[in-house]
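Right, one structure below, let's go through it.
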Amino acid sequence: MKPLLHPPAPFVKKNFLLLIPALAVLGVATQCQSSKPVATAMVAPIAAPAAAAAAPKEYRYESVPGDPLGVRIYKLDNGLTVYLSDYKDAPRIQTYLAVRAGSKNDPAAATGLAHYLEHMVFKGTSQLGTQDWAKEKVELDKIEALYETYRGQRNDPAARKRTYHQIDSISGVAAKYAVPNEYDKVMGAIGAKGSNAHTSNEETVYQEDIPSNQLEKWAAIQAERLREMVPRLFHTELEAVYEEKNRGLDSDFNKEFEALNGALYPTHPYGTQTTIGTIEHLQNPSITEIKKYFGQYYVPNNVALCLSGDLDFDQTIRTIDKYFGAMPSKPVPVFNAPVEAALMAPITKEVVGPQSENVMLGFRLPGKASKDAVRLRMMDKILTNGQAGLIDLDLNQRQQVLEAASFTDLNDDYSTHVIYGTPRAGQKLEDVKGLMLGELAKVKAGNFPDWLIPAIINNEKLTRTKSYESNEARASAMYEAFIERIDWKDYLQQQNDFGTITKAEIVKFANDNYGPNFVTVFKRTGTDPNKVKVVKPAITPVPANRDVSSAYYKQLTAMPSTELQPVFVDYKKDIQETAIKPGLPLYYTHNAENGLFNLYYVFDLGNNQDPRWGLAADYLQYLGAGQYTAAQLQQEFYKLGCSFSVNSGADRTFVTLNGLDTNLEPALKLFEQLLKAPKPDAAALKNMVAGVLKQRQDAKLEKRVILNSAMVNYVKYGSKNPFTNILSEKELKALKPEQLTSLIQKLTSYQHRVLYYGPRRLEGLHAYTVTGTHINDPGIVNPIIRLHKTPAKLLPAPAAKDFAEQPMKDKKVYWVDYNMVQAEILFLTKGDLYSKELVPTVALYNEYFGGGMGSIVFQDLRESKALAYSAYSGYSNADKLGRSNYNLSYIGTQSDKLPEAMAGMEALLTDMPVAEANLEIAKNAIRNSISTERITKGNILMSYERAKRLGLDYDLRRDVYASTQKMNFDELKKFQLAKIRGQNQVILVIGSKDRLNFKELAKYGQVQQLTLKEIFGY
175 MKPLLHPPAP
185 FVKKNFLLLI
195 PALAVLGVAT
205 QCQSSKPVAT
215 AMVAPIAAPA
225 AAAAAPKEYR
235 YESVPGDPLG
245 VRIYKLDNGL
255 TVYLSDYKDA
265 PRIQTYLAVR
275 AGSKNDPAAA
285 TGLAHYLEHM
295 VFKGTSQLGT
305 QDWAKEKVEL
315 DKIEALYETY
325 RGQRNDPAAR
335 KRTYHQIDSI
345 SGVAAKYAVP
355 NEYDKVMGAI
365 GAKGSNAHTS
375 NEETVYQEDI
385 PSNQLEKWAA
395 IQAERLREMV
405 PRLFHTELEA
415 VYEEKNRGLD
425 SDFNKEFEAL
435 NGALYPTHPY
445 GTQTTIGTIE
455 HLQNPSITEI
465 KKYFGQYYVP
475 NNVALCLSGD
485 LDFDQTIRTI
495 DKYFGAMPSK
505 PVPVFNAPVE
515 AALMAPITKE
525 VVGPQSENVM
535 LGFRLPGKAS
545 KDAVRLRMMD
555 KILTNGQAGL
565 IDLDLNQRQQ
575 VLEAASFTDL
585 NDDYSTHVIY
595 GTPRAGQKLE
605 DVKGLMLGEL
615 AKVKAGNFPD
625 WLIPAIINNE
635 KLTRTKSYES
645 NEARASAMYE
655 AFIERIDWKD
665 YLQQQNDFGT
675 ITKAEIVKFA
685 NDNYGPNFVT
695 VFKRTGTDPN
705 KVKVVKPAIT
715 PVPANRDVSS
725 AYYKQLTAMP
735 STELQPVFVD
745 YKKDIQETAI
755 KPGLPLYYTH
765 NAENGLFNLY
775 YVFDLGNNQD
785 PRWGLAADYL
795 QYLGAGQYTA
805 AQLQQEFYKL
815 GCSFSVNSGA
825 DRTFVTLNGL
835 DTNLEPALKL
845 FEQLLKAPKP
855 DAAALKNMVA
865 GVLKQRQDAK
875 LEKRVILNSA
885 MVNYVKYGSK
895 NPFTNILSEK
905 ELKALKPEQL
915 TSLIQKLTSY
925 QHRVLYYGPR
935 RLEGLHAYTV
945 TGTHINDPGI
955 VNPIIRLHKT
965 PAKLLPAPAA
975 KDFAEQPMKD
985 KKVYWVDYNM
995 VQAEILFLTK
1005 GDLYSKELVP
1015 TVALYNEYFG
1025 GGMGSIVFQD
1035 LRESKALAYS
1045 AYSGYSNADK
1055 LGRSNYNLSY
1065 IGTQSDKLPE
1075 AMAGMEALLT
1085 DMPVAEANLE
1095 IAKNAIRNSI
1105 STERITKGNI
1115 LMSYERAKRL
1125 GLDYDLRRDV
1135 YASTQKMNFD
1145 ELKKFQLAKI
1155 RGQNQVILVI
1165 GSKDRLNFKE
1175 LAKYGQVQQL
1185 TLKEIFGY
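With positions in the sequence shown counted from 1, the corresponding number in this note's numbering is that position plus 174.
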């Protein structure tokens, strides 16, 4: 289950402007064309406008010659913009409903409104989500009026308490008529995935990944949501937003980024207000203002539908017009962007919190539709591109700092360029800042190689080519263009502009924009003296009404749809196997889509056998080979449009090379040279060891690492576990460079297998065409035989070492002290050893009980009782034969709600509610999901790797699909009684010792505090 996500702005909005390749034919006028009429009429069980025209309507659209996504842009008569791209990778469609309104459009006296409205849009309408609208509306109107009274009582706590008691009481009455989570139930039943939404500065976007045969149901329910918003279950959802706010208050990054924006934008809403809003405004909400906002901005001429996937253009636009076409357009309020005064001198801010230290620099630049924003993207890649940027090589590869990087936050009115770094042990934040400014100075002086900009342009093309395989990326590019308010041809042209940027242009841009006009935020480790929390109001749980549904729901789900049959992977058919030589197999799948490849060497050895493997893999990035230094190697790979990595896990090591297949041979030659003869570097090892020790200290400051890695491993395996299986500080400092390089050199002497996904054939003697270029195919076998040198006989991998799992027979409560507003709780139960026979039952149980926003856990703990922003529960199958399954349940809540939260989760785990309607939804969700999933491309090879670890030689989804549809609730209950209820469980808690209720914790078992040294092993 994933709650509605609202990460900080730079991570909400991906930089999809770089998704579109440079097109030589671009730059001409946009074409207008007509969609051909179709002969078949659409079935309309849900009320939709009747078409009076005798002849089928023709739909005109715009397209751009040479557009690799083949996007068609339609505009309905009411102003609704529709972007469509046909990509038949699987019978699914990624959809976005994008509204041009975000937190910058919030009234200054009601910040957080756009975000809270986003939550409310999931609550339904006067048809969806209600059993009796006439009766429910009476109560909802009372609640709305009471909230206005409540807002006016800010200075009268006693009166506010009385009014809130009335709100709580009447909400309970109104909730009797509601059908909570009915929207989520619909989307689950039709097999939708990734049901979610986000709000940021300029946008509110709703997303669904739907089966292609469910398009009409999707259109009907989305049009219903756009038509009307009913703020039902308002006070319980408000409590979830409080929890979301508290999570933000526990995030040092959130506080740091807010401080940066506040200083960069003292006048503009980018800096004066946040997406989630202030505590003051959250505690004084206005349903009236939310309705007003919805009426102003959620209108068809301010909305775009963006779809990419297995669709028929003509049928899709007719379906959309059928449900959305009759909505009236309205004038949309004009946003007049405040103009910020120029920054004349540096500004410095400080933020204090428990997490690790870093420094963040921010520069203010023009909005994303400007030519300067295109230059900004190039400037950012010169600094950080993951391989050959100045910061990548000068600061990270040379280990001048622990880590540094840059990113862009592109918005309509202004853009922000952020450069941040974390210090090495003993290094001052001021020194990190100086080093980062030094890299900027190099750009301003033109002190970077002439080949770097052309290489960036080529690598961005490769990144875009890869992204075309994702419907999410394709559809996201469309909504980005809409939010940016530019034509699709101009959006594509931005990439052409990116490809023409010169070194002189960037040097001038850097000198014009990167002076003393920036903001520095120092994030220091300590206790925040200003830490606050959103105080919990008294809320009476509302009924979940699981077995009821609206008439609209019944009518919608009864709409006919074509049946799609599942397609399962046939490993023997879909993977070709040959031998590079005796004992060295090659597994092959063909890439028929583009000219990119993935090449893997897979070894059944890892850190469990020897923790030095992970260190050796990390050390490799700092080493040169042959005539090249480490930095020069990275540059050569970047020039070739290729990259490499070595990743050592617990019991497997993946050696990976990927990129442009036409450059496979020179890239593989370089890579093999590095593996065979890395140059030991004592200084690099000394710096790496110091960095590892600093990272270990920083990890003890991160609550997610503490809870999800350190505590969970401690409970599963004891003090000696995969997480603590590391070299001691003394052992680390005693390491010699040759000890690690010899491990690397010996790696390919061990038995392994080669996996290849790419455009070549196995044996060659073929040819293929990529973007108009005719390429002779030498095959993949011969280059590997020639370049991948191994001993005549490969060594067997070292004996596997699996850590013994603890019996977990005693009921215990382990807790770790951490300075935070919330408390986070994990309930962990050890299950049986992995068995494929159990997998179908587990799949249905998880979907029913804790698998999404329509699940039992989410409905009860968040929707009914308002105890958490995030809550989930799931029975996890082991990923390796012979290992145990585990049941893990999570809830994050305010510390003062801990008793109710723990009792709520425990009650559900003990007595699983019976809801036949939810069970049918879960079965439908599994059926529709599997029937439209397709494991294709390189994923076939990874699927085979996972299957072999479990002793399988076939696609296990076949069993899940066949078995779950026959199951009844008695079988599910039998599983729950045998595997969940009454099982010994260990509870893990992280929270502030001053806020935790230890008397309550003691009800669940023996309470024991764990120290960081105990769980980290150092």
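Don't be surprised by glycine CBs; every beta carbon is placed ideally from N, CA and C. Remember, predicted model here, so these are calculated numbers, not experimental data.
Residue environment, residue i, which counts as buried when at least 16 other CB atoms sit within 10 Å
i	result
R234	exposed
F1172	exposed
Q1183	exposed
W307	buried
G1156	exposed
T304	buried
H339	exposed
A288	buried
Q739	exposed
Y1178	buried
Span of the beta strand (DSSP E) around residue i
i	result
Q1180	1180–1183
I641	According to the sequence as given, residue 641 is Ser; it is not Ile. Premise fails: S641 lies in the alpha helix (DSSP H), 626–641, not in any beta strand (DSSP E).
L479	477–483
F818	816–822
P911	First-last for P911: 911–921, but that is the alpha helix (DSSP H), not the beta strand (DSSP E).
G595	588–596
D583	577–584
C-beta atoms of residue i and residue j nearer than 8 Å
i	j	result
E313	V347	yes
S1166	Y1043	no
V508	Q470	no
L250	D495	yes
G286	H455	yes
G800	Q847	yes
F118	H591	Past the edges of the chain, shown from 175 to 1192, lies residue 118, and the structure says nothing about it.
Q1189	A884	Checking the sequence, you will find Ile at residue 1189 rather than Gln. The answer is yes: Cβ separation under 8 Å.
F896	N1059	The sequence shown places Pro at residue 896, not Phe. In this structure, N1059 does not lie closer than 8 Å to P896 by Cβ.
L844	F811	yes
Q457	V716	no
P1087	R720	yes
Limits of the alpha helix (DSSP H) - the one that residue i falls within
i	result
A615	603–618
K1097	1090–1106
A543	Segment: none, A543 is in no alpha helix (DSSP H) and carries neither H nor E.
Y467	461–471
A973	No alpha helix (DSSP H) contains A973, which DSSP labels as neither H nor E.
A799	No alpha helix (DSSP H) holds A799; DSSP gives it neither H nor E.
R401	389–401
K874	Unbroken run through K874: none, as it is neither H nor E.
Contact with chain B by residue i, beta-carbon distance below 8 Å
i	result
K542	Looking for chain B here will not work: only one protein chain is present.
Could you pull out every unbroken beta strand (DSSP E) segment of at least 3 residues lying fully inside the segment 1045–1074, listed in chain order? 1058–1068
Are the segment 712–729 and the segment 1010–1029 touching, with three or more C-beta to C-beta distances below 8 Å? A contact between stretches requires three or more CB pairs, one per stretch, nearer than 8 Å, and the segment 712–729 fails this requirement with the segment 1010–1029.
Using 8 Å as the Cβ pair cut-off and three pairs as the minimum, do the segment 998–1011 and the segment 1046–1066 touch? yes
Tell me whether the segment 400–407 and the segment 970–989 touch, counting them as touching only if at least three CB pairs, one residue from each stretch, are closer than 8 Å. no
Report yes or no: do the segment 824–842 and the segment 772–781 share at least 3 C-beta pairs separated by less than 8 Å? yes
Runs of alpha helix (DSSP H) wholly within the segment 832–870 (minimum 4 residues, chain order): 838–850
Decide yes or no for the touch test of the segment 596–605 against the segment 682–692: beta carbon pairs closer than 8 Å, at least 3 of them. no
What ranges does the beta strand (DSSP E) occupy inside the segment 319–382, keeping only unbroken runs of at least 3 residues that lie completely in it? 367–373
Under 8 Å, with one C-beta from each stretch per pair, do the segment 460–475 and the segment 360–377 reach the 3-pair mark? no
Is it the case that the segment 477–484 contacts the segment 249–264, given that we only count it when at least three CB pairs across the two stretches are under 8 Å? Per the Cβ contact rule, the segment 249–264 is in contact with the segment 477–484 (3 or more Cβ pairs under 8 Å).
Please give me, in chain order, every unbroken run of the beta strand (DSSP E) with length at least 3 that falls completely inside the segment 1112–1157. none
Count the C-beta pairs between the segment 1131–1138 and the segment 953–964 that are closer than 8 Å, then say yes if the count reaches three, no if not. no
Are at least three pairs of beta-carbons, each pair with one atom in the segment 701–709 and one in the segment 511–528, less than 8 Å apart? yes
Decide if the segment 556–574 is in contact with the segment 1025–1039; the criterion is three or more beta carbon pairs, one per stretch, under 8 Å apart. no
Please determine if the segment 923–940 and the segment 755–766 are in contact, where contact requires at least 3 C-beta pairs separated by less than 8 Å. In short, these stretches touch, since the Cβ pair count reaches three.
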